[in-house]
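Each step along the sequence shown adds one to the number in the UniProt record's numbering, with nothing skipped, and position 567 is 567.
All residues carry an ideal CB built from backbone N, CA and C; glycine is no exception.
Remember, predicted model here, so these are calculated numbers, not experimental data.
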Amino acid sequence: MKNTTEIIYERINFKIHKIGQNESKVLVNYKKCSNRDIIHIRHTHKPTNTMRMSVSRRTYSNRTIFNTFRRNLSNAKGYITNVEGKKIEKTIHYIEQCISEESIKNPNLLFFKTLHNQEDKLKYIHMNLIKMSYLLKNMQVSEQKWLTIYEKISNLCPLDEKQLTNKLKTLTGKYDTTSTKNISYNCALQNRICKEYNLLNLNACYVFVLKIVIDRLINYLPLYTISNYLLILNFCEKFFSFFFNLHNRKGLKKLNFIYIHSASNNYADNVKVLKNSNKLNRSGEKSNIAYQYKELYNLKYHQIVTHKINLMLQILENINYDQIEASQFSQLANFFYATTKGGIICEKNVQNFLSHYFKVAKKKKLKNEILLSRIASPHDVLILSQIINIMYYSKIIHSEVVLHLVNFYKNINPFSSIICKRNMFDNYLKLLTLVELTSQNLYLYNYCKYYVLNGNMQESTHMSQLCNFFFVSSIVGIFNISLFKFYINFLKKNNKTKFKASLTHKIYYTLLGWDIMINRFIKNLSKERRETLELVILKYDTKNVHYTYSDMVSNEFTYLSHQINYLTHCYKNKIVLEKERKNYNFNQCAILHILKKHYKNVIYEHITSQKILVDVFIELYKNNQCKHVAIEFNGRTHYNLVIKEQERAPNVMHYTMKESNNTKYKKWILTNLNFYTISIPYYQWNGLYESQKEEHLLHALCLL
Numbered sequence: 001m002k003n004t005t006e007i008i009y010e011r012i013n014f015k016i017h018k019i020g021q022n023e024s025k026v027l028v029n030y031k032k033c034s035n036r037d038i039i040h041i042r043h044t045h046k047p048t049n050t051m052r053m054s055v056s057r058r059t060y061s062n063r064t065i066f067n068t069f070r071r072n073l074s075n076a077k078g079y080i081t082n083v084e085g086k087k088i089e090k091t092i093h094y095i096e097q098c099i100s101e102e103s104i105k106n107p108n109l110l111f112f113k114t115l116h117n118q119e120d121k122l123k124y125i126h127m128n129l130i131k132m133s134y135l136l137k138n139m140q141v142s143e144q145k146w147l148t149i150y151e152k153i154s155n156l157c158p159l160d161e162k163q164l165t166n167k168l169k170t171l172t173g174k175y176d177t178t179s180t181k182n183i184s185y186n187c188a189l190q191n192r193i194c195k196e197y198n199l200l201n202l203n204a205c206y207v208f209v210l211k212i213v214i215d216r217l218i219n220y221l222p223l224y225t226i227s228n229y230l231l232i233l234n235f236c237e238k239f240f241s242f243f244f245n246l247h248n249r250k251g252l253k254k255l256n257f258i259y260i261h262s263a264s265n266n267y268a269d270n271v272k273v274l275k276n277s278n279k280l281n282r283s284g285e286k287s288n289i290a291y292q293y294k295e296l297y298n299l300k301y302h303q304i305v306t307h308k309i310n311l312m313l314q315i316l317e318n319i320n321y322d323q324i325e326a327s328q329f330s331q332l333a334n335f336f337y338a339t340t341k342g343g344i345i346c347e348k349n350v351q352n353f354l355s356h357y358f359k360v361a362k363k364k365k366l367k368n369e370i371l372l373s374r375i376a377s378p379h380d381v382l383i384l385s386q387i388i389n390i391m392y393y394s395k396i397i398h399s400e401v402v403l404h405l406v407n408f409y410k411n412i413n414p415f416s417s418i419i420c421k422r423n424m425f426d427n428y429l430k431l432l433t434l435v436e437l438t439s440q441n442l443y444l445y446n447y448c449k450y451y452v453l454n455g456n457m458q459e460s461t462h463m464s465q466l467c468n469f470f471f472v473s474s475i476v477g478i479f480n481i482s483l484f485k486f487y488i489n490f491l492k493k494n495n496k497t498k499f500k501a502s503l504t505h506k507i508y509y510t511l512l513g514w515d516i517m518i519n520r521f522i523k524n525l526s527k528e529r530r531e532t533l534e535l536v537i538l539k540y541d542t543k544n545v546h547y548t549y550s551d552m553v554s555n556e557f558t559y560l561s562h563q564i565n566y567l568t569h570c571y572k573n574k575i576v577l578e579k580e581r582k583n584y585n586f587n588q589c590a591i592l593h594i595l596k597k598h599y600k601n602v603i604y605e606h607i608t609s610q611k612i613l614v615d616v617f618i619e620l621y622k623n624n625q626c627k628h629v630a631i632e633f634n635g636r637t638h639y640n641l642v643i644k645e646q647e648r649a650p651n652v653m654h655y656t657m658k659e660s661n662n663t664k665y666k667k668w669i670l671t672n673l674n675f676y677t678i679s680i681p682y683y684q685w686n687g688l689y690e691s692q693k694e695e696h697l698l699h700a701l702c703l704l
């Protein structure tokens with residue numbers, strides 16, 4: 001960081017971030033300035049965090065500095081309200097223009113004026129939003145004009161009046177004469193509209209305006225084209241991105257993924273139950289967002305999110321894939337990629353999208369249009385990358401699509417100049433978590449191995465990729481002895497490097513898995529076999545272990561075990577888990593209450609001595625023996641929905657829920673740490689009555 005930072009007094013927006021104990025950093029965005037407006041701030045490196053300012057002719061105190069900062073921050077807030085006010089005025093102007101063009105359908109609507117540049121900026125924005133609400137509620141225009149209005153309203157940025165300097169007084173309680181007098185509106189009509197439509201604050205106005213426009217769009221959906229649909233979806237995705245970025249900031253609890261279930265029998269009535277049962281789990285109607293995701297209703301702008309989700313579902317239901325063009329399909333792929341990565345998964349619509357992609361790919365294959373040469377077009381690589389990410393984040397795996405991807409990547413040159421090697425590595429690594437590991441797709445692992453070994457180990461991005469590679473290798477069950485020696489040397493060399501919290505967790509759980517592999521599996525081999533062991537492949541489902549030996553390697557497992565123990569201890573101390581934190585999972589609480597009626601030693605969200613978080617922990621005493629029981633409620637993100645066409649009936653899809661690699665890996669670690677594990681699938685649990693839940697849970701504990 002430079003010792004001198006220039007601060008411009010004219011129209012600046014700034015933030016001050018405290019860095020450590022010895023310095024502070026000032027981030028400044030500035031426009032024009034003159035030489036006399038420049039102040040040089042020299043950061044001292046003393047523990048007191050003081051800043052020295054030197055200006056020609058005068059030196060300012062710290063109080064003067066922060067008063068200046070505060071003043072400019074107020075100006076920034078004023079700038080935001082000015083911009084928003086102008087956008088609202090332009091939107092109202094367009095609405096009035098639409099009404100004038102269709103005046104016969106809209107008599108007596110344009111009789112009060114729009115406010116401009118009032119002293120109380122929030123108040124005049126509120127008044128204009130009330131007017132906009134009234135016009136939108138009562139106007140009748142064509143479907144294309146509603147589409148343009150939706151576009152303009154989607155560009156508005158909801159103001160948070162609580163965080164702005166000039167707060168707008170919000171009315172509460174019943175509407176009586178006193179509360180009416182507190183509002184000085186231009187006319188009695190605005191007063192009546194405010195009460196009738198419940199537009200008592202800015203947030204209520206934004207929600208009301210958006211809901212009106214969305215309702216109008218839904219009425220006209222059959223009249224719109226696919227291009228119109230994609231335009232609407234684009235604005236939905238932009239708001240979803242804003243919403244999740246706002247509420248998934250660093251230091252906040254990450255939101256659960258929102259899974260929107262299909263209302264048709266094609267999905268809900270055909271989810272296979274695990275444990276080799278052929279019984280179908282009939283989940284009935286689609287899930288209620290209000291019940292499954294209560295935390296949404298504690299968040300800012302949650303009402304807008306629910307309205308946008310409903311609009312998105314209506315549009316996706318109306319898209320006819322037989323009429324969609326290649327360019328439009330690319331836009332739709334980008335939409336599904338962005339929304340699923342953000343945390344909103346429309347299960348039925350993702351399935352339809354993947355099925356259509358496979359249908360098109362199969363036709364191209366029959367016509368020999370797929371390039372089986374060693375060169376792939378950038379467009380093909382981009383689409384395939386988005387398909388992989390959609391399946392990866394949504395946890396909806398179309399088996400035929402995965403097989404197509406594996407064959408496609410196998411026949412192209414991954415080192416081509418038109419292919420970004422970093423993106424190729426990310427795609428291969430994610431694809432490795434989607435496939436059932438066989439000799440046909442082991443090339444995915446080999447390419448990732450080649451990539452991490454030949455990268456710049458000093459680059460932070462490559463260091464993260466290296467750690468992610470070893471973590472993914474562990475959760476899919478690949479333990480390469482020779483390669484892990486390289487990883488140990490890398491960790492020892494960078495032991496003082498401060499990684500992100502998520503990456504630190506991955507490093508620790510990778511080391512923990514390797515410690516178990518060496519002490520519980522490899523240790524049982526003979527000395528000769530241990531010394532020539534090259535690769536271990538573990539199937540977590542079947543618990544089958546495959547060992548590969550080579551005369552080209554020579555292992556010293558005593559030294560390797562000591563190094564792993566040392567690094568595991570180091571990274572264990574780096575992990576900090578919150579002992580008391582809010583959890584909105586209704587089902588976990590239900591399990592806790594059931595167990596507390598019958599057992600004393602029940603702990604909710606228990607952190608084990610190995611720093612592994614389990615949903616519910618019980619110390620169970622049976623036959624003078626203490627058993628540590630970890631009960632895990634596995635929600636939707638713990639499973640992959642695997643879709644596969646039946647061989648004898650190509651148009652009939654077979655749906656199977658399979659535990660994700662992360663879930664299987666965690667269960668394997670807990671089991672080898674002498675925990676008795678009970679996994680409760682969400683789709684079984686939600687189909688039981690309260691009495692049945694208690695009965696099944698107690699029966700599972702009795703079997704231990």
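Asked: Considering Cα atoms alone, identify which of Lys430, Ser474, Phe490 is closest to Asn456.; Found: Phe490
Asked: Leaving aside the five residues before and after Leu246 along the sequence, list all residues of the same chain whose C-beta is less than 8 Å from its C-beta, in chain order.; Found: Lys300, Tyr301
Asked: If you draw a straight line from the alpha carbon of Tyr547 to that of Asn565, how long is it in whole angstroms?; Found: 23 Å
Asked: Would you decide whether Ala326 is buried or exposed? Buried here means 16 or more other CB atoms lie within 10 Å of its CB.; Found: exposed
Asked: Measure the beta-carbon distance from Glu506 to Cys467 and round it to whole angstroms, keeping in mind my assumption that it falls under 8 Å.; Found: According to the sequence shown, residue 506 is Lys rather than Glu. At roughly 6 Å, the Cβ-Cβ gap stays under 8 Å, so Lys506 and Cys467 are in contact.
Asked: In angstroms, rounded to a whole number, what distance separates the CA positions of Ile607 and Phe244?; Found: 28 Å
Asked: Helix, strand or coil, according to DSSP, for Lys611 in the structure here?; Found: coil
Asked: Please classify Gln563: does DSSP put it in a helix, a strand, or coil?; Found: helix
Asked: Hey, is Asn489's beta-carbon within less than 8 Å of any beta-carbon in chain C?; Found: As a matter of chain content, chain C is missing from the structure shown, which is built from one protein chain.
Asked: Pro681 bridges to which residues according to DSSP?; Found: Asn634
Asked: Considering just the uninterrupted stretch of the beta strand (DSSP E) at Thr548, what are its terminal residues?; Found: 545-549
Asked: Below 8 Å CB to CB, which residues in the same chain sit around Phe471 once its five sequence neighbours on both sides are set aside?; Found: Lys506, Ile507, Tyr509, Thr510
Asked: Which residues share a DSSP beta bridge with His628?; Found: Glu619
Asked: Compute the Euclidean distance between the alpha carbons of Ser399 and Ile643, then round it to the nearest angstrom.; Found: 6 Å
Asked: Which stretch, first to last residue, makes up the beta strand (DSSP E) that contains Met657?; Found: 653-659
Asked: Roughly how many angstroms separate the alpha carbons of Phe358 and Leu405, rounded to a whole number?; Found: 10 Å
Asked: Rank Leu704, Leu641, Leu697 by C-alpha distance to the C-alpha of Asn623 and give the top, closest one.; Found: Leu704
Asked: Name the DSSP beta bridge partners of Cys346, please?; Found: Ile260
Asked: For the candidate residues Ile130, Thr148, Ile591, Phe235, whose alpha-carbon lies nearest to that of Leu189?; Found: Ile130
Asked: On the CB-based measure, 16 or more other CB atoms within 10 Å of its CB, does Leu453 come out buried or exposed?; Found: exposed
Asked: Name the DSSP bridge partner or partners of Leu533?; Found: Tyr549
Asked: Could you check if Cys194 is buried or exposed, using at least 16 other CB atoms within 10 Å of its CB as the buried criterion?; Found: buried
Asked: Counting C-beta neighbours from all protein chains within 10 Å, is the total for Lys693 16 or more, i.e. buried, or is it exposed?; Found: buried
Asked: Give a yes or no on contact between the region 672-691 and the region 626-636, applying the rule of three or more CB pairs nearer than 8 Å.; Found: yes
Asked: Would you kindly report the start and end of the unbroken alpha helix (DSSP H) that includes Asn446?; Found: 443-453
Asked: Three Cβ pairs or more, each shorter than 8 Å: is that satisfied between the region 199-211 and the region 125-142?; Found: yes
Asked: Can Gln314 and Ile226 be called in contact, C-beta distance under 8 Å?; Found: no
Asked: Using CA coordinates, which residue listed in Asn219, Tyr259, Pro158 is at the minimum distance from residue 754?; Found: There is no way to answer for residue 754, as the model of the chain reaches only from 1 to 704.
Asked: Does the separation of the CB atoms of Val616 and Leu592 fall below 8 Å?; Found: yes
Asked: Tell me where the beta strand (DSSP E) around His398 begins and ends.; Found: 396-398
Asked: Tell me the DSSP secondary structure of Phe479 in three-state form.; Found: strand
Asked: Can you give me the Cβ contacts of Asn519 inside the same chain, cut-off strictly under 8 Å, excluding the 5 residues immediately before and after it?; Found: Ser561
Asked: With Asn203 as the anchor, note down where its alpha helix (DSSP H) starts and where it stops.; Found: 202-220
Asked: With distances taken from CA atoms, which of Leu332, Lys362, Val652 is nearest Leu382?; Found: Leu332
Asked: At the level of alpha carbons, what is the spacing between Tyr409 and Asn334?; Found: 20 Å
Asked: So, under 8 Å CB-CB, Thr504 and Tyr571 are touching, yes? Tell me the CB distance rounded to an integer number of Å.; Found: 6 Å
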